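S.K.: Next up is a structure, given as structure tokens.
Protein chains: 2
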Amino acid sequence: MNSRNGSDLRAFFQPAGVAVIGSLREVMGTAYGVIKNMRRFGFSGAIYPINPNPSKYGDVFGSKVYSNVNEVAQLIDLAVVITPPPTVPEIVEGCARRGIKAIIVMSEGFAESGKEGAALQRKLADTVLRTGVRIMGPNTFGVVNAANGLVTIPPYTDNDKIERGGIAFCSQTGSIGPHQVPLDDWAYPVSKMCDLGNKCDVDEVDILNYLADDPETRVVAMHMEDVRNGPEFMEAARNLVARKPLVVLKTGRSEAGAKATASHTGSLMGSDQIYDAALRQVGAIRVNTWQELWEVPRTLLYQPLPAGNRFAVITFTGGQGAIAADAASAAGLAVTDFTSATVRKLSEVFPRLGSNPVDIGPAMSDSRSQSSSNPFSALEKTIPLVLGDDNVDCATITFSCGKQLVPLYPMVVDMLHRLTKDFSKAVNIWLYGTSLSAMQEMARQLQERGLPAYLDLDVAIKALGCAAYYSRIKSSLRDWENSKKRTGNCN
Amino acid sequence: MNSRNGSDLRAFFQPAGVAVIGSLREVMGTAYGVIKNMRRFGFSGAIYPINPNPSKYGDVFGSKVYSNVNEVAQLIDLAVVITPPPTVPEIVEGCARRGIKAIIVMSEGFAESGKEGAALQRKLADTVLRTGVRIMGPNTFGVVNAANGLVTIPPYTDNDKIERGGIAFCSQTGSIGPHQVPLDDWAYPVSKMCDLGNKCDVDEVDILNYLADDPETRVVAMHMEDVRNGPEFMEAARNLVARKPLVVLKTGRSEAGAKATASHTGSLMGSDQIYDAALRQVGAIRVNTWQELWEVPRTLLYQPLPAGNRFAVITFTGGQGAIAADAASAAGLAVTDFTSATVRKLSEVFPRLGSNPVDIGPAMSDSRSQSSSNPFSALEKTIPLVLGDDNVDCATITFSCGKQLVPLYPMVVDMLHRLTKDFSKAVNIWLYGTSLSAMQEMARQLQERGLPAYLDLDVAIKALGCAAYYSRIKSSLRDWENSKKRTGNCN
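Heads up: the protein sequence lines correspond to chains H and L, in order.
Here this note's numbering is used: position 272 in the first sequence is 272, and no number is missing along the way.
Position in the second sequence counted from 1, then plus 491, gives you this note's numbering.
As structure tokens, this is what we get:
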């Protein structure tokens, strides 16, 4: 019954009416909590709280409570179920009979908890096969759609808003998502989120197909513990990668990690080498750390793809340039040599400029080469020369943030935006300094102008390395398409 | 004349009287700026501003201005020189004649800037050889001593205080130091800092000898671009490592990094393999990134050395446990199996507990196993069992920070301190969540109780891996000492 059609998941993300089935006790982790979240983030569809004792509640956040989905006359295309596990199969069956197409089963206590739970989960899978209903979960926090305020993921409630943007996150656990990066302080641009949970039905293949077609999503980031169907996954991933980048954190790199992953999901996994080869073959960007999973996508979202991997870095101190050069090599970037024209022009800015990394520290502290009205005139002169160089595909600019400089940030951000926007090169900014709050403020202002800022140098450079990697994938896909056209060969 | 005696550097860090020679214009990067910093951080010694036009200034921050060091009758044991490069050799010569033992030459424009500068720097080296005066620099920001407020490093001025603590930082550029990590928001525990600059005299060997003897310093972190004398460096490093851990970020890991390093320092370097082997041989902890240089020392400072590399992790979600297990393997840690007694006791806390990584998420969301008065009772019961296990040497505890939880932090921090303090195991805390400000607040409170907190999971675990590595170094040194005693063999 699973047609594996991307549009299948539409009801999970764009439902007109949502039944939320479970306890209406005013605490988190209940149906009440889900409804509260949806109201808070301004969900634009209808909400139908479902509880056996509707008279006890009257209404919840303005929505009338019903005792059963069958009592609701209007269209319901999504049901969210948070009830004790033994009750779930019957409720789900009832939803399917009612014609509800999509069900998110949030309840825990299924395959992840032992034999009894596994038997209950098999019943859900059976309902899927018999009725064609689609189930996300069980053991999931559900979904986020930043476009319509559909937010079922409970931990999201610490934030006051969701920054609507182009990055989709898909995870196998609701505790891993952009709601676990500092969203309130420094908004993270999200399109959709999805916690697949135990995957009794909807799995990574469905979500990849859906996100490939989703016009709001420009980059997909995925936390993956296992894959249910290898060939299908590869096809879906390959299809998505042809259209947008796919960043994957796959756990189980090490033996210990594989053991921990298996114990968490209860699933059998193949060896990491197989996953690694498969991810490489489909052109996915495999990242290795929690931080990279969130941070790499931002450069992919905000910046043009670099034409190649030739990297430049502009620093305020030579010591950092050497650290950046090591990081670039580790990220697969080549620290480029400038053209002789650029070398000449740089040396006209300041005699010791000309090589890459570009250390503008001496120029900045030299009063002769500095304009008194702009303490960053060395940046002003250097950035266009570096980004305009034919040997440069991408660059990191480092910037020292101090509290004393905060009043200057709007001017600096304007300048950085103005100097970088006309080059089709991937640029990001590494911020360092004495004050984390100052760095956050600067990062926020830069992001508003489409300049991704990082508090970690290595991650900033890694993000450019990943962008260059994806650029190579894209151009090899193009070459392959072109050769197909020329030879008429479809393989 | 260089006796390479650790106590040689005492005048650089504990001078009774300091002459600061240079412009008294009220801007940063002048003698005025240095004096301002020293006053601000409460330097306890005497300060003598030296300027050819004393009548122009009268006094600077309460210190009378002199036209020449010879006019000062009192003891001067340190001079700080920030004058135009061509004037420096004569000034330094004058200081040496005056009997001043230590000179910090802050001025730029020596070997790093070309031929002329290199000639000037040779004059300084010549003065050292002839007179026995010790020179730090040129092209240095100088020193910090948190114990007496001697702060010559200009960029430090964005901070209002220095957190006095046990970590010494030594760098080859003043732009790399703990004044470039968010010190004001989350104080970094510093004993001494030192920017070696161009190393015309004082070099890494001197500073290692000094810091080995310094009772305030318990961990040494070093940014290194090159080494002047390999065998001497190895001896000094080996001597230090026998007493305290040495964390080194050596740039030039890659070809591009080596080229950038050479161009920055103007020095010839050996191949990275040689450095790597040497650092390994002396038992230094080599780290790879900017962040690791600051973050690894904190676990070494605050926590006992683990007896071995057997690692446990307690998380709020199984997905993170798997990520942590991969990170542990990468950091050289073994994700341990608990003893059968611990497995039994954990399963009594909650049926699904017992394996490592320890996922307390299900126990926390299960109302039966939770106390209503303490939402963290699952942590309360689990931590002592995990840390008490004979198979566990070190552990990371992860904690989700939300703004809503801030009022609970004092209680949580009390609890974490109480539950961890009686085990001689290395423990650190990884904080994640929605609010960076909440995470910072929690980190600050934890650090006050001696629990190092991290905002990056991989760095937290890497720090434990480094602690386990150093523990192995220490025990092999002990074994070697013991075998020497037994055999009477001195080699």
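Ideal Cβ placement from N, Cα and C applies to all residues, glycine included.
Keep in mind the model is a prediction, meaning the values are calculated, not measured.
How would you label Ala341(H), buried or exposed, when you count the other beta carbons within 10 angstroms and need 16 or more for buried?
M.R.: The residue given as residue 341(H) occupies position 341 in the first sequence. That one is exposed.
S.K.: Strictly below 7 angstroms CB to CB, what residues from chain L border Pro357(H)?
M.R.: Working through the first sequence from its first residue, we reach residue 357(H) at position 357. In chain order: Ala751.
S.K.: Using only the alpha-carbon positions, how far apart do Leu759(L) and Ala277(H) sit?
M.R.: For the purposes of this step, residue 759(L) is taken as residue 268 along the second sequence, with counting starting at 1. For the purposes of this step, residue 277(H) is taken as residue 277 along the first sequence, with counting starting at 1. With a pLDDT of only 49 at Leu759(L), under the threshold of 50, the placement of this residue in the model should not be trusted; the figure read from the coordinates follows. Leu759(L) and Ala277(H): Cα-Cα distance of roughly 41 angstroms.
S.K.: Roughly how far, in whole angstroms, is the beta-carbon of Ile383(H) from the beta-carbon of Thr420(H), given that I think they are within contact range, below 8 angstroms?
M.R.: Reading the first sequence from its first residue, position 383 is the one you call residue 383(H). Reading the first sequence from its first residue, position 420 is the one you call residue 420(H). 7 angstroms between Cβ atoms; contact.
S.K.: Which residue comes first and which comes last in the alpha helix (DSSP H) that contains Phe233(H)?
M.R.: The residue given as residue 233(H) occupies position 233 in the first sequence. Gly230 to Val241 is the extent of the alpha helix (DSSP H) around Phe233(H).
S.K.: Examine chain H for any beta-carbon lying closer than 8 angstroms to the beta-carbon of Leu927(L), and answer yes or no.
M.R.: As a working mapping, residue 927(L) is identified with position 436 in the second sequence. Judged by the 8 angstroms Cβ criterion, Leu927(L) is in contact with chain H.
S.K.: By the DSSP assignment, the alpha helix (DSSP H) with Phe503(L) in it spans what residues?
M.R.: Locating residue 503(L) in the second sequence gives position 12, where the first residue counts as 1. Note, Phe503(L): alpha helix (DSSP H), Arg501 to Phe504.
S.K.: Under 7 angstroms Cβ-Cβ, which residues of chain L neighbour Ser113(H)?
M.R.: Counted from its first residue, the first sequence places residue 113(H) at position 113. Ordered by position in chain L, the residues that pass the 7 angstroms Cβ test against Ser113(H) are Arg843.
S.K.: Pick out whichever of Asp456(H), Ile21(H) and Pro407(H) has its Cα sitting closest to the Cα of Tyr432(H).
M.R.: Sequence index remark: in the first sequence, residue 432(H) carries index 432 (1-based). Considering only alpha carbons, the answer is Asp456(H).
S.K.: The alpha helix (DSSP H) spanning Met519(L) covers which residue range?
M.R.: What you label residue 519(L) is simply residue 28 of the second sequence in a count that begins at 1. From DSSP, Met519(L) is part of no alpha helix (DSSP H); its letter is neither H nor E.
S.K.: Quick one: complete beta strand (DSSP E) runs, 3+ long, within the region 776 to 819 of chain L?
M.R.: Those beta strand (DSSP E) runs which fall completely within the region 776 to 819 of chain L and span 3+ residues are 776 to 778 and 801 to 806.
S.K.: Flag Trp781(L) as yes if its beta-carbon sits less than 8 angstroms from any beta-carbon of chain H, otherwise no.
M.R.: For the purposes of this step, residue 781(L) is taken as the residue at position 290 of the second sequence. It does: the Cβ of Trp781(L) has a partner Cβ on chain H nearer than 8 angstroms.
S.K.: Tell me, please, whether the CB atom of Leu268(H) is closer than 8 angstroms to any CB atom in chain L?
M.R.: The sequence position of residue 268(H) within the first sequence is 268, counting from 1. Here Leu268(H) scores only 49 on pLDDT, less than 50, and its place in the model is too uncertain to base an answer on.
S.K.: Which term fits Ser424(H), buried or exposed, when burial requires 16 or more other beta carbons within 10 angstroms of its beta carbon?
M.R.: The count along the first sequence starts at 1 and reaches residue 424(H) at position 424. Result: exposed.
S.K.: Can you tell me which residues form a DSSP beta bridge with Thr396(H)?
M.R.: By one-based count along the first sequence, residue 396(H) stands at place 396. Its beta-bridge partners are Val313(H) and Asn428(H).
S.K.: Are the beta-carbon atoms of Gly748(L) and Ala322(H) separated by less than 8 angstroms?
M.R.: Start at 1 with the first residue of the second sequence, and residue 748(L) comes out as number 257. Start at 1 with the first residue of the first sequence, and residue 322(H) comes out as number 322. Their beta carbons are under 8 angstroms apart, which means Gly748(L) touches Ala322(H) by this criterion.
S.K.: Report the three-state DSSP secondary structure of Ser662(L) (helix, strand or coil).
M.R.: Along the second sequence, one-based indexing puts residue 662(L) at 171. In the structure shown, Ser662(L) sits in a strand (DSSP, three-state: E or B).
S.K.: If you check the beta carbons only, do Ile567(L) and Thr574(L) fall under 8 angstroms apart?
M.R.: Within the second sequence, the letter at position 76 stands for residue 567(L). Within the second sequence, the letter at position 83 stands for residue 574(L). Taking 8 angstroms as the Cβ cut-off, Ile567(L) and Thr574(L) do not qualify as a contacting pair.
S.K.: Please decide whether Glu695(L) counts as near chain H, where near means a Cβ-Cβ distance under 8 angstroms.
M.R.: For the purposes of this step, residue 695(L) is taken as residue 204 along the second sequence, with counting starting at 1. Cβ-Cβ to chain H under 8 angstroms: no for Glu695(L).
S.K.: Among Asp763(L), Leu792(L) and Ala609(L), which residue has its Cα nearest to the Cα of Phe660(L)?
M.R.: Within the second sequence, numbered from 1, the residue matching residue 660(L) stands at position 169. Of the candidates Asp763(L), Leu792(L) and Ala609(L), the one whose C-alpha sits nearest the C-alpha of Phe660(L) is Leu792(L).
S.K.: By DSSP, does Pro49(H) sit in helix, in strand, or in coil?
M.R.: As a working mapping, residue 49(H) is identified with position 49 in the first sequence. Here Pro49(H) sits in strand by DSSP.
S.K.: Quick one: is Ala507(L) buried, meaning 16 or more other Cβ sit within 10 Å of its Cβ, or exposed?
M.R.: Within the second sequence, numbered from 1, the residue matching residue 507(L) stands at position 16. Label assigned to Ala507(L): exposed.
S.K.: Could you tell me which residues DSSP pairs with Leu569(L) in its beta bridges?
M.R.: Here residue 569(L) refers to the residue found at position 78 of the second sequence. For Leu569(L), which the question treats as bridged, DSSP gives the partners Val509(L) and Ala593(L).
S.K.: Answer with yes or no whether the minimum CB distance from Leu457(H) to chain L is below 8 angstroms.
M.R.: The sequence position of residue 457(H) within the first sequence is 457, counting from 1. Yes, contact with chain L.
S.K.: Give me the chain L residues within the contact set of Val335(H), using Cβ-Cβ distance strictly less than 9 angstroms, ordered along the chain.
M.R.: On the first sequence, residue 335(H) is found 335 positions in, with the first residue counted as 1. The contacting residues are Ser745, Glu746, Ala747, Gly748, Lys750 and Ala751.
S.K.: Using a cut-off of 9 angstroms between C-beta atoms, extract the partners of Ala819(L) located in chain H.
M.R.: To locate residue 819(L), count along the second sequence from 1; it is residue 328. Correct list: Ser254, Ala256 and Gly257.
S.K.: I need the DSSP call for Ser191(H), collapsed to helix, strand or coil.
M.R.: By 1-based counting over the first sequence, the position of residue 191(H) is 191. Strand at Ser191(H).
S.K.: Which residue's Cα is closest to the Cα of Asp226(H): Ala187(H), Arg253(H), Ala242(H) and Ala102(H)?
M.R.: What you label residue 226(H) is simply residue 226 of the first sequence in a count that begins at 1. Of the listed residues, the one whose Cα sits closest to Asp226(H) is Arg253(H).
S.K.: May I ask you to check if the CB of Asn800(L) is nearer than 7 angstroms to at least one heavy atom of the ligand NAP?
M.R.: Only the bare structure without any ligand can be found here, which leaves the ligand NAP out of the picture.
S.K.: How big is the Cα-Cα spacing for Phe503(L) and Ala703(L)?
M.R.: Numbered from 1 along the second sequence, position 12 holds the residue referred to as residue 503(L). Numbered from 1 along the second sequence, position 212 holds the residue referred to as residue 703(L). Spanning the two alpha carbons is a distance of roughly 16 angstroms.
S.K.: Reducing DSSP to helix, strand and coil, say where Ser554(L) ends up.
M.R.: Within the second sequence, residue 554(L) is the residue found at index 63, counting from 1. DSSP places Ser554(L) in strand when its eight states are reduced to three.
S.K.: Can you tell me where the beta strand (DSSP E) with Gly633(L) in it begins and where it stops?
M.R.: For this step, residue 633(L) is matched to residue 142 along the second sequence. That run of the beta strand (DSSP E) goes Gly633 to Asn636.
S.K.: Given a cut-off of 8 angstroms on the beta-carbon distance, is the pair Asn542(L) and Leu569(L) in contact?
M.R.: Stepping through the second sequence from its first residue, residue 542(L) is reached at position 51. Stepping through the second sequence from its first residue, residue 569(L) is reached at position 78. No, the Cβ-Cβ distance between Asn542(L) and Leu569(L) is not below 8 angstroms.
S.K.: Quick one: which chain H residues come within Cβ less than 7 angstroms of Thr742(L)?
M.R.: Taking the second sequence and counting its residues from 1, one reaches residue 742(L) at position 251. Simply Ala322, Ile323 and Asp326.
S.K.: Of all the alpha helix (DSSP H) runs that stay within the bounds of the region 573 to 630 of chain L, which reach a length of 4 or more residues?
M.R.: 579 to 588 and 606 to 622, all fully within the region 573 to 630 of chain L.
S.K.: Using 8 angstroms for Cβ pairs, my map puts Gln493(H) next to Thr398(H). What's the rounded Cβ distance?
M.R.: Because chain H spans 1 through 491 in this model, residue 493(H) falls outside it and cannot be assessed.
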